[in-house]
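Enquirer: Mind looking over this structure? Questions follow.
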Amino acid sequence: MFRRKAMISTGGFVAFPLAFFTDDATWSKLSGNGVACSMQPLFMFRFSGINISSNKETSDRMLLKLKACFLYADWMKTYLKRIECKNEQEKAFMQNILMGLKYKQLEWINWTTCRTNFKDFMKVYRNKEYRNICGTARWFVLLLRNINERFFVRKDYY
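Numbered as in the numbering used here, the sequence shown ends at 178 without a single skipped number.
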């Protein structure tokens, strides 16, 4: 939860395609004066057929989500590098966060690609922009995971 005034004063929501990762980036941006935590639920969240997380993926939507993954990771790296580390322990902690962000990005890509059919997955793979960013070896790993998820692990895709 946040104050509307605080969000407006920081420039509003961070914009990404399909609003994918917009909430995470915006919460990070609003954390400049600290955050408060509660053990009690303060709001309700529900999944529905119109959430971006619950829709079946098409190659066009997957491309937009992948673009959002890369934009968010770049945004977060820039945001985190502006934080001043006061000692060596904080610097080491920040390096761990930045390294973790790299692996988390691959996880997001995997999550997005595993939710699509093989034909759309290959359409995205043929898009040079994304293949160059991920690298062919990573795409091969994603392809294997996509096949494994679909045929050997989960039976509720189609």
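Where a beta carbon is used, it is the ideal one built from N, C-alpha and C, also for glycine. Since the structure is predicted, the reported quantities are computational estimates derived from the model, not experimental observations.
Taking 7 Å as the limit between beta carbons, can you name the residues of its chain near residue 35, skipping five residues before and five after?
Expert: So the list reads 42, once near-sequence residues are dropped.
Enquirer: What is the rounded straight-line gap between the Cα of residue 89 and the Cα of residue 52?
Expert: Rounded to the nearest angstrom, the two C-alpha atoms are 23 Å apart.
Enquirer: Helix, strand or coil, according to DSSP, for residue 56 in the structure here?
Expert: The answer is coil: DSSP assigns residue 56 none of H, G, I, E or B.
Enquirer: So is residue 118 buried or exposed if we call it buried at 16+ other beta carbons inside 10 Å?
Expert: Exposed, since its Cβ has fewer than 16 Cβ neighbours within 10 Å.
Enquirer: List the endpoints of the continuous alpha helix (DSSP H) containing residue 50.
Expert: That run of the alpha helix (DSSP H) goes 42–50.
Enquirer: DSSP three-state label for residue 23, please.
Expert: In this structure, residue 23 counts as coil in the three-state DSSP scheme.
Enquirer: Taking C-alpha atoms, which residue in 126, 105, 84 and 113 lies nearest to residue 37?
Expert: The residue with the shortest Cα to Cα distance from residue 37 is 84.
Enquirer: If you reduce the DSSP assignment to three classes, tell me which class residue 82 lands in.
Expert: Residue 82: helix per DSSP, three-state reduction.
Enquirer: May I have the straight-line CA-CA distance separating residue 113 from residue 97, to the nearest angstrom?
Expert: Roughly 14 Å separates the two Cα atoms.
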